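Read top to bottom, the protein sequences are chains A and B.
Numbering-wise, the numbering used here puts 177 at position 177 of the first sequence, and it's gapless, one number per residue.
Numbering-wise, the numbering used here puts 448 at position 211 of the second sequence, and it's gapless, one number per residue.
Below you'll find the structure, written out as structure tokens, and then a few comments.
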Amino acid sequence: MTTCLLKTRGLTKHFGGLVAVEGVDFELQQGQVRALIGPNGAGKTTLVGMISGRISPTSGMVEFDGQNVTRLPAHKRIMAGMAYTFQITSVFVNLSAGENVALAARRRLNGTEADKAVRKSLDRLGLLDRIDQEAGELSYGHQRLLEIAMGLVQNPRLLILDEPTQGLSDGEIADFKLLVRELAGETTVLLIEHNMSVVMETADEVTVLNFGEVLAEGTPLAIREDQTVQSAYLGTS
Amino acid sequence: MSDQAKIIALHGGLILLLFALQFVLPAYHHGNLARIMVLASYAIGYNILFGYTGLLSLGHALFFAAGMYGMALSIHHLEWAPAPALLAGLVAGILVSGTLALLALRTTGVAFMIVTLMFAQAGYLTVLYFGEYTRGDEGFVIQQAQRMLWGVDLSDPVNRYFAAWGLLTVCFLAALWLVRHPFGRTLIAIRENEERVRMLGYNTFAHKLTAMMISGTIAAAAGAFYGLLFGYAGASFATVQYSIFPLLWVLLGGAGTVLGPFIGTLFMFYLIDLSSGITTAYMLIAGVALVALTLFAPQGLVGELRRRFWGWLP
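Below, the structure written as structure tokens:
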């Protein structure tokens, strides 16, 4: 039997009068790659924001690894094994690519061990030859990959990727798909994604959000066939 | 030469040069440099918070004065020897900076500037309020007999120079070590993008708190030494002017560089010194020079040096 790594119950966020996320019950099994999809403004980023602790929920509960983490500040959730990569590229532009990843690595490693992990992680994303380059000088696609390298180097139990393929070239997207499939055996991945080919080829299961609520959940194939999902996306009824 | 060797050669070279200058400088500049070295230590402390952590405080005079009065009052009223009195100054700095950090770090940006400014102003008024003990604006002199540190007379120019040099060396090396240590590198990352650092699992509040306490304690050490070496403590050191000075020195020398605070203090001191020899409107000359520097070297003297030639400068 697989164990549940992440669980939310009735998770809700209101911004003033605006309902961003409403009563989301969500479960993620260990080792799974889960894609979170939905139209713009469906509340995907707000939902993972509440899971990672960036945003405090209006009501509801988040459980990580059997522990209630709803009241835990973000940095403690990260230390407990979550890793979060930003939707809007948020690398340290004035620091070298290596230092960017090292900052992420130093939470759990130090000295030469951290160095080794940094090189390994950069190598995995094909950025090793850019280790000394300032992150701000990297191309947009490379900055996205650097974000992922910063997530990977933390060796997380749950890796949250917020639209990682946005702005990547076709070749980079193909490499990214391979990478996620490799990760599937090592860790649990929660992936917000707009690119349907990435969702179809990498995810074990898909959760669809619409107007802050879970609209459907299932395998990529089932989701693709689902009438309600199609109408949510296409705006027909 | 590796970057590491260059860094050691440059910074070590400056320390040795300042040591050697003691034997060749004429009396006037000798006295000036002693003063500059103590004030530069103050600027080094300020730079930890402003240049490396990215927090602009307008209240560092509070820490400088806490160190100065912690030292001076325990000599004046408790008749302590200089060594424990200096220690009292340091402890005062730790307590005051820790307390202010807990309160002020609840805010960010402009609010942080205002809160630090207001608390420093409250500190200044406190010094005036207890004029019975502090002698307020007038201040009080620390007698030569009270300035014997382990049998060494600190009112003697040579000893004073060495004491100032010792303080600067310790602060300088501490800063150099800190900013290359993982903790210091995390501070730099907080300056660059605090939210990202938090989402990498760092308790950024605790980091900023520690940075502010280190910064305030160095400022307090400088204040305590200043009072002891030059034999005077007065409320003018708690005024807003003394909060602005380190900001200017650091900006001119180069925020976020280890050398910058010293270079900036040296530059500004002699800029005012030389221009006041030419005209009574010396602040005008100083002002024009500052504007020109801000226009053409917005990153400060050392910052500009790093940008153009020495990318490896810490």
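For every residue, glycine included, the Cβ atom is placed at its ideal position computed from N, Cα and C.
This structure is a prediction, so every number in the text was calculated from the model and none was measured.
Residue-level contact to chain A via CB, residue i, 9 Å cutoff
i: Ala426(B); result: yes
i: Arg422(B); result: yes
i: Pro419(B); result: yes
i: Arg397(B); result: no
i: Leu342(B); result: no
i: Val434(B); result: yes
i: Ser292(B); result: In the sequence under discussion, the amino acid at residue 292(B) is Leu, which differs from the Ser named in the question. Not closer than 9 Å to any Cβ of chain A, the Cβ of Leu292(B) fails to qualify, so no.
Rounded separation between residue i and residue j - CA only
i: Thr12(A); j: Leu190(A); result: 19 Å
i: Leu292(B); j: Tyr370(B); result: 33 Å
i: Met200(A); j: Leu415(B); result: 48 Å
i: Ala74(A); j: Ser52(A); result: 6 Å
i: Ser44(A); j: Gly330(B); result: It should be noted that the sequence gives Lys, not Ser, for residue 44(A). So the alpha carbons of these two residues sit roughly 47 Å apart.
i: Glu431(B); j: Leu103(A); result: 12 Å
i: His194(A); j: Thr85(A); result: 16 Å
i: Thr165(A); j: Ile173(A); result: 6 Å
i: Leu215(A); j: Asp25(A); result: 11 Å
i: Pro319(B); j: Arg54(A); result: 50 Å
i: Lys177(A); j: Ala526(B); result: 57 Å
i: Lys7(A); j: Met61(A); result: 8 Å
i: Ser239(B); j: Arg545(B); result: 18 Å
When the options are compared against residue i, the one with the closest alpha-carbon
i: Gly49(A); options: Gln227(A), Leu161(A), Ala222(A); result: Leu161(A)
i: Val229(A); options: Thr46(A), Val208(A), Leu221(A); result: Val208(A)
i: Ile78(A); options: Ala534(B), Tyr439(B), Gly491(B), Gly537(B); result: Tyr439(B)
i: Leu258(B); options: Tyr398(B), Ala318(B), Val434(B), Arg422(B); result: Tyr398(B)
i: Gly31(A); options: Glu217(A), Ala184(A), Lys177(A); result: Ala184(A)
i: Gly490(B); options: Pro263(B), Ile281(B), Ala246(B); result: Ile281(B)
i: Gly218(A); options: Val21(A), Glu27(A), Thr3(A); result: Glu27(A)
i: Ser59(A); options: Thr70(A), Asp170(A), Gly66(A); result: Thr70(A)
i: Gly98(A); options: Gly136(A), Met61(A), Ala80(A); result: Gly136(A)
i: Glu429(B); options: Glu186(A), Ser90(A), Leu36(A), Leu18(A); result: Ser90(A)
i: Phe301(B); options: Ser334(B), Ala426(B), Phe377(B), Gly376(B); result: Ser334(B)
i: Arg272(B); options: Phe533(B), Phe506(B), Ala341(B); result: Phe506(B)
i: Val407(B); options: Ile427(B), Ala426(B), Arg417(B), Ala458(B); result: Ala458(B)
Chain B contact for residue i (CB, 9 Å cutoff)
i: Pro73(A); result: yes
i: Ser237(A); result: Note that Ser237(A) scores a pLDDT of 44, beneath 50, so its modelled location is shaky and nothing firm can be said.
i: Phe86(A); result: yes
i: Met79(A); result: yes
i: Ser52(A); result: yes
i: Ser90(A); result: yes
i: Val48(A); result: no
i: Leu138(A); result: no
Cβ distance (whole Å) where residue i is taken to contact residue j below 8 Å
i: Arg34(A); j: Ala203(A); result: 6 Å
i: Asn210(A); j: Gly38(A); result: 6 Å
i: Leu323(B); j: Leu550(B); result: Not a contact, Cβ separation roughly 32 Å.
i: Gly360(B); j: Ala461(B); result: Their Cβ separation, rounded to whole angstroms, is 15 Å, which puts Gly360(B) and Ala461(B) out of contact at 8 Å.
i: Gly307(B); j: Ile379(B); result: Actually they are not in contact, since the Cβ atoms of Gly307(B) and Ile379(B) sit about 13 Å apart, beyond 8 Å.
i: Pro483(B); j: Tyr283(B); result: 4 Å
i: Leu286(B); j: Ser452(B); result: 4 Å
i: Ser46(A); j: Ala20(A); result: Note on identity: in this sequence residue 46(A) is Thr, with Ser being the wrong assignment. Rounded, the Cβ-Cβ distance is 4 Å, consistent with contact.
Near the ligand PLP: residue i beta-carbon under 8 Å from a heavy atom
i: Leu122(A); result: You won't find the ligand PLP in this model; it holds no ligand whatsoever.
Near-chain A residues of the stretch 439-469 of chain B (beta-carbon distance less than 7 Å), N- to C-terminal order: Tyr439, Asn440
Mind listing which residues of the stretch 211-223 of chain A have their C-beta closer than 9 Å to chain B's C-betas, in chain order? Taking 9 Å as the Cβ-Cβ cut-off against chain B, none of the residues of the stretch 211-223 of chain A qualify.
Contact set between the stretch 99-124 of chain A and chain B, restricted to residues whose Cβ is under 9 Å from the partner: Glu99, Asn100, Ala102, Leu103, Ala104, Arg106, Arg107, Arg108, Asn110, Ala114
Give me the subset of the stretch 59-70 of chain A whose CB atoms are less than 8 Å from a CB atom of chain B, sorted by chain position. none
Residues in the stretch 510-544 of chain B having any Cβ partner in chain A nearer than 7 Å: Near chain A, meaning a CB-to-CB distance below 7 Å, no residue of the stretch 510-544 of chain B qualifies.
Please list the residues of the stretch 179-199 of chain A that have a C-beta atom closer than 8 Å to any C-beta atom in chain B, keeping them in chain order. none
In chain order, what residues of the stretch 143-171 of chain A put their CB closer than 9 Å to some CB of chain B? Met150, Gln154
When you check each C-beta in the stretch 35-46 of chain A against every C-beta of chain B, which residues fall closer than 7 Å? Listed by position, the residues of the stretch 35-46 of chain A near chain B (Cβ gap below 7 Å) amount to none.
Residues in the stretch 15-34 of chain A having any Cβ partner in chain B nearer than 7 Å: For the stretch 15-34 of chain A, there are no residues whose beta carbon sits under 7 Å from a beta carbon of chain B.
Closer than 7 Å, Cβ to Cβ, to anything on chain A: give me those residues from the stretch 270-297 of chain B, in chain order. Here the close residues number zero.
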